[in-house]
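**Student:**
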Amino acid sequence: MQETIHILQKEFDNLNPEQKRAALHTTGPALVLAGAGSGKTKVVAVRIGCLIHQGVASHQILGLTFTNKAANEMKERVHKLVGENVVVSTFHSLGAKILREAIHYLGYAKDFSIYDEDDVEKLLRALSKELFGQDAKVDLKRARSLISQAKNGLPGDSEEDLKKLYELYRKKMKEFNAVDFDDLLFLPVELFREVPDALAYYQTRWPYILVDEYQDTNQTQYEFVRLLAGSSQNLFVVGDPDQSIYSWRGASIRNILNFENDYPGAKLIYLEQNYRSTCTILNASNAVIEKNSNRYEKSLWSSGEEGEKIQIFQAMSEREEAAFVARKIEKLKREGQSLTSFVVFYRTNFQSRVFEDELVAKQIPYTIVGGTSFYQRREIKDILSYLRLVQSPTDHVAFLRIVNLPKRGLGEQFISKVAQAASENQIPIGSIDTLPFPLTPRQKEGWSCFRGAINKLHEIKATNSLANLVRAAIHETNYLVFIDQEEETKSERRENLAELIVKAEEWSDTHEGGQLSQFLEEIALVTSTDVLNPNEERLSLMTAHNSKGLEFDTVFLVGLEEDLFPHINSKKSEELIEEERRLFYVGLTRAKKQLYLSFASLRHIYGRLMPMRQSRFLQEIPHEYKKVCR
């Protein structure tokens with residue numbers, strides 16, 4: 001006991017005055033505005049330790065986070081401080097725990113099943129046929145999205161048919177004693193509203209509640225916390241409006257901005273001392289984020305070194321930009337920096353392609369964090385499979401991937417018969433045309449479409465450029481119609497396909513007389529880097545959205561052009577522009593020592609070479625904190 005008190009006291013003594021103020025807060029609501037790199041995780045752990053030291057039972061404390069990693073880290077820290085275990089959980093894990101204990105109040109049995117996305121899609125498909133007939137054309141992806149939005153408290157209008165489908169879906173899920181992922185929070189909120197005794201039990205069970213990253217809560221999470229904290233009001237939330245960057249997945253910055261209205265008398269604590277970045281990086285970041293109006297006024301500062309000026313590089317093209325980054329990394333690595341100390345941030349996934357190509361060429365190992373390597377993305381592998389089959393009719397794997405893609409009514413039994421016919425007649429599976437077995441009308445139409453596309457691609461391969469062949473593989477196969485069925489991902493997938501065309505154009509420019517086989521071989525070598533030397537040091541590449549919570553000695557933030565960063569979709573409102581600025585701010589504040597910002601004068605957008613303008617965010621950095629890099 002004495003040892004844990006000593007450890008806790010030592011950690012407490014190491015806190016700065018504002019951190020101590022937060023750690024000593026016991027009862028009533030509190031909002032801790034924790035700036036980037038301000039040590040919030042340590043503060044929350046010490047605050048839990050202080051509660052326990054003051055006599056609060058560990059089982060009465062509830063911590064809520066957004067990731068299992070954050071939850072486990074918090075539990076471990078608390079255990080090291082006071083030798084006790086507290087409940088620290090993600091929102092959805094806690095919701096599942098509550099439902100296992102109390103879902104019977106809502107008419108379900110406690111042994112309910114949790115349906116994954118495939119299960120939900122199959123059920124929705126069956127229900128749409130039941131409601132609207134076998135031939136009904138219902139956008140199941142849109143239906144699933146609208147159901148999720150409704151359960152997460154997001155506003156939105158939907159067609160009458162989809163409303164009927166939603167009502168039947170909820171009825172059937174209850175009948176099947178099943179819940180989906182969104183229900184893990186939606187149903188506990190329903191439980192708390194409809195069963196006062198259940199709410200009172202959980203309020204008494206956890207009278208002390210802590211929420212991390214409160215700016216990332218959506219409406220249902222907000223309501224879940226509000227109801228749980230209703231009687232004690234002992235709600236301690238930590239967050240930063242300046243790092244609210246997830247509105248596209250339902251997070252509402254209003255939840256943290258309205259905290260003082262929701263919880264009158266709440267204590268407001270600012271953590272502004274930064275332990276991560278140089279003063280120059282912090283001053284530049286402050287100057288940018290001050291342009292936003294939806295925020296609490298705060299300013300990060302550091303007692304550390306002033307640091308180098310932020311380096312700005314203007315490239316003629318995205319290829320020159322990637323070459324600059326690779327060159328700098330090689331130089332800094334020779335000077336002793338580890339590859340793990342670097343990161344490249346970009347706004348959208350399609351931008352990774354040109355960097356991956358450059359890094360492979362320079363033999364710099366890399367990894368895509370929180371995403372998929374460009375050449376491993378589904379739509380890229382699909383189109384490359386069409387090209388592989390055109391190049392090599394014996395490519396059985398490519399044939400299996402694309403013969404029924406988009407859907408042509410060519411199921412597994414049909415494909416098995418085609419493979420058998422090809423084998424018996426010693427014909428490459430990609431060359432077989434006339435089939436020696438009867439086909440249904442649907443199969444005849446599907447096979448005709450498939451063979452027509454392949455034959456057309458053979459013609460184009462013989463007479464056209466590589467880029468035109470890639471275009472044809474996308475358009476002649478009706479692939480765009482296929483990806484457009486997924487509303488949430490179609491824009492990104494279209495961007496990636498346009499970038500594949502750019503890749504083909506670039507490759508042709510640098511490989512005069514190059515053949516399709518050589519192009520495919522080069523790409524195969526790129527993808528093989530994913531499985532080579534898994535233990536070696538690697539450079540990280542990721543979108544700015546995936547950068548939250550991370551830090552690196554040297555950050556390269558690339559593609560800083562109008563309509564790219566800020567993204568063109570954000571031009572619809574000032575509120576969206578402010579979120580883009582927050583995203584830029586998050587990227588800046590990941591850097592500990594060195595920060596490189598770059599933009600291109602010309603860039604391929606949706607396959608077209610476009611003149612680009614420097615991002616407004618670059619211009620918002622005062623001149624004294626930046627310099628031109630050549």
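The sequence shown stops at residue 630 when you use the working numbering, and every number in between is there. Idealized CB from N, CA, C, for every residue including glycine. None of the values given here were measured: they were computed from a predicted structure.
Which stretch, first to last residue, makes up the alpha helix (DSSP H) that contains residue 173?
**Tutor:** Its alpha helix (DSSP H) spans residues 160 to 175.
**Student:** Rounded to the nearest angstrom, how far is the Cβ of residue 652 from that of residue 256, given a contact under 8 Å?
**Tutor:** Because the chain spans 1 through 630 in this model, residue 652 falls outside it and cannot be assessed.
**Student:** Mapping the DSSP letters down to three states, classify residue 248 as helix, strand or coil.
**Tutor:** Note: residue 248 maps to helix in three-state DSSP.
**Student:** Could you tell me the boundaries of the beta strand (DSSP E) in which residue 41 lies?
**Tutor:** Counting along the chain, residue 41 falls outside any beta strand (DSSP E), though it belongs to the alpha helix (DSSP H) covering 40 to 53.
**Student:** Does DSSP classify residue 617 as helix, strand or coil?
**Tutor:** The answer is helix: DSSP assigns residue 617 an H, G or I state.
**Student:** Any chance you could list the beta strand (DSSP E) runs of at least 3 consecutive residues sitting entirely within the segment 72 to 149, in chain order?
**Tutor:** Runs found: 87 to 90.
**Student:** Quick check: the Cα distance between residue 352 and residue 541, rounded to an integer number of angstroms?
**Tutor:** Each residue's Cα considered, the two are about 7 Å apart.
**Student:** For residue 458, report the span of its alpha helix (DSSP H) as first-last.
**Tutor:** Residues 441 to 463.
**Student:** Tell me the residue span of the beta strand (DSSP E) that contains residue 565.
**Tutor:** That residue, residue 565, is in no beta strand (DSSP E); it is neither H nor E in DSSP.
**Student:** How should residue 130 be labelled, buried or exposed, when 16 other C-beta atoms within 10 angstroms of its C-beta is the threshold for buried?
**Tutor:** So residue 130 ends up on the exposed side.
**Student:** Whole beta strand (DSSP E) runs in the segment 222 to 292 with 3 or more residues, listed along the chain?
**Tutor:** Here the runs fully enclosed are 235 to 239 and 267 to 271.
**Student:** Which runs of the alpha helix (DSSP H) spanning at least 4 residues fall entirely within the segment 479 to 545, listed in chain order?
**Tutor:** Counting only runs of 4 or more, we get 479 to 483, 490 to 510 and 516 to 528.
**Student:** At what residues does the alpha helix (DSSP H) containing residue 201 begin and finish?
**Tutor:** Counting along the chain, the alpha helix (DSSP H) containing residue 201 begins and ends at 196 to 205.
**Student:** Give the DSSP-derived three-state secondary structure of residue 61 in the structure shown.
**Tutor:** Note: residue 61 maps to strand in three-state DSSP.
**Student:** Spell out the partners DSSP gives residue 610 in its beta bridges.
**Tutor:** Answer is 603, bridged to residue 610.
**Student:** CB-CB under 7 Å to residue 307, same chain, minus the five flanking residues each way: which ones, in chain order?
**Tutor:** For residue 307, where only same-chain residues beyond five positions count, the Cβ hits under 7 Å are 278, 279, 280, 281 and 593.
**Student:** Flag this pair as touching only if the segment 571 to 581 and the segment 258 to 270 have three or more C-beta atom pairs under 8 Å; answer yes or no.
**Tutor:** Judged by Cβ distances under 8 Å, the segment 571 to 581 makes no contact with the segment 258 to 270, as fewer than three pairs qualify.
**Student:** Which residue wins for smallest C-alpha separation from residue 115, given the options 62, 538, 182 and 377?
**Tutor:** Residue 182 is the option with its Cα nearest to residue 115.
**Student:** Residue 601 and residue 560: beta carbons closer than 8 Å?
**Tutor:** No. Outside cutoff.
**Student:** Any chance the segment 386 to 401 sits against the segment 563 to 572, with 3 or more Cβ pairs inside 8 Å?
**Tutor:** Short answer: they don't touch.
**Student:** Assuming contact is defined by CB atoms lying nearer than 8 Å, are residue 276 and residue 536 in contact in what I supplied?
**Tutor:** Not in contact: residue 276 and residue 536 (Cβ atoms no closer than 8 Å).
**Student:** Which of helix, strand or coil does DSSP assign to residue 429?
**Tutor:** It is coil, neither helix nor strand.
**Student:** In the DSSP assignment, find the beta strand (DSSP E) that holds residue 553 and state where it starts and stops.
**Tutor:** That run of the beta strand (DSSP E) goes 552 to 557.
**Student:** What three-state label does DSSP hand residue 477 in the structure shown?
**Tutor:** In the structure shown, residue 477 sits in coil (DSSP, three-state: anything other than H, G, I, E or B).
**Student:** Going by beta carbon distance, what residues of the same chain come within less than 6 Å of residue 95, once the five residues before and after it are set aside?
**Tutor:** Once the five neighbours on either side are set aside, the close Cβ partners of residue 95 are 184, 185 and 188.
**Student:** Grouping DSSP H, G and I as helix and E and B as strand, with all else coil, what is residue 340?
**Tutor:** The answer is helix: DSSP assigns residue 340 an H, G or I state.
**Student:** Straight-line CA distance for residue 234 to residue 612?
**Tutor:** Going by the C-alpha atoms only, they are around 51 Å apart.
**Student:** Determine the direct distance from the alpha carbon of residue 310 to that of residue 287, and round the result to whole angstroms.
**Tutor:** Approximately 13 Å between the Cα atoms of the pair.
**Student:** If I measure Cβ to Cβ from residue 16 and keep anything under 7 Å in the same chain, skipping five residues before and after, which residues do I get?
**Tutor:** Once the five neighbours on either side are set aside, the close Cβ partners of residue 16 are 273.
**Student:** What separation, rounded to the nearest whole angstrom, lies between the Cα atoms of residue 81 and residue 19?
**Tutor:** Distance between the alpha carbons of residue 81 and residue 19 is about 16 Å.
**Student:** Kindly confirm or deny that the segment 41 to 48 and the segment 59 to 78 touch, where touching means at least three C-beta pairs closer than 8 Å.
**Tutor:** Taking 8 Å as the limit for Cβ pairs, the verdict is that the segment 59 to 78 does touch the segment 41 to 48.
**Student:** Is the beta carbon of residue 558 less than 8 Å from the beta carbon of residue 595?
**Tutor:** Against a cut-off of 8 Å, the Cβ pair of residue 595 and residue 558 comes out as no contact.
**Student:** Below 8 Å, how does it come out for the segment 327 to 340 and the segment 492 to 507: are there three or more Cβ pairs, yes or no?
**Tutor:** Not touching, per the Cβ criterion.
**Student:** Does the distance between the C-beta of residue 496 and the nearest non-hydrogen atom of the ligand GTP fall short of 7 Å?
**Tutor:** What this structure holds is no ligand at all, so the ligand GTP is not there to describe.
**Student:** From 204, 363 and 236, pick the residue whose C-alpha is nearest to that of residue 33; which is it?
**Tutor:** Closest by alpha carbon: 236.
**Student:** DSSP three-state call for residue 627: helix, strand or coil?
**Tutor:** Residue state, collapsed to three classes: strand.
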